[in-house]
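The sequence shown begins at 31 in the numbering used here and counts up one residue at a time.
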Amino acid sequence: MPRPGTFVFCMAMAAGFVQPAAAASSPRTRLVEFRSENCLLISGSRDNAASKVSVNGHIVPAEGRHNWRVRLPVSTVRSWSAPMARTVTVAVEGLSHEADLPIGLLGHADDLAMLVVRAK
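See below:
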């Protein structure tokens, strides 16, 4: 006989209320300065500390064990990404996630004639 509550837990999993551990942590990104260079800091978590981390198909050295982070120069992110990209693909143990880039990171304006900023 199953334990009480097992049915409720199974129904919650089927309904999508309980996420597996690997899916619970999507990678996060932010812009940082490291050794006087602008870098993209990507962080996340993994179940196995030996799991490889890749960004846009390139394996990168990750700091940390279960909570990991990777710093990549913006120039590297630009060379590994499509022009005007808004996300990077981060894979850990074969599971890939799209991580949002900071707004405007890979955008550029060649012909900016005027910028108007108004205070409210």
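Virtual Cβ for every residue (Gly too), placed ideally from N, Cα, C.
Under a three-way DSSP split, which group does residue i fall into?
i	result
SER73	strand
ARG26	Shown here, the chain extends from 31 to 150; a query on residue 26 therefore has no answer.
THR126	In the sequence on display, residue 126 carries Ser and not Thr. Strand, per DSSP.
PRO103	strand
LEU61	strand
VAL146	coil
Can you tell me the Cα-Cα spacing of residue i and residue j, whole angstroms?
i	j	result
ALA92	VAL120	12 angstroms
SER84	GLY137	23 angstroms
Taking 7 angstroms as the limit between beta carbons, can you name the residues of its chain near residue i, skipping five residues before and five after?
i	result
THR117	GLU128, ALA129, ASP130, LEU131
ASN86	TRP110, SER111, VAL118, THR119
Can you list, in chain order, the residues of its chain whose CB lies under 6 angstroms from that of residue i, leaving out five sequence neighbours each side?
i	result
ASP97	Rather than Asp, the amino acid found at residue 97 in this sequence is Asn. Excluding sequence neighbours, ASN97 sits near SER75.
VAL62	CYS69, LEU71
Count the other CB atoms, across all protein chains shown, that sit within 10 Å of the CB of residue i; report buried if there are 16 or more and exposed otherwise.
i	result
PRO113	exposed
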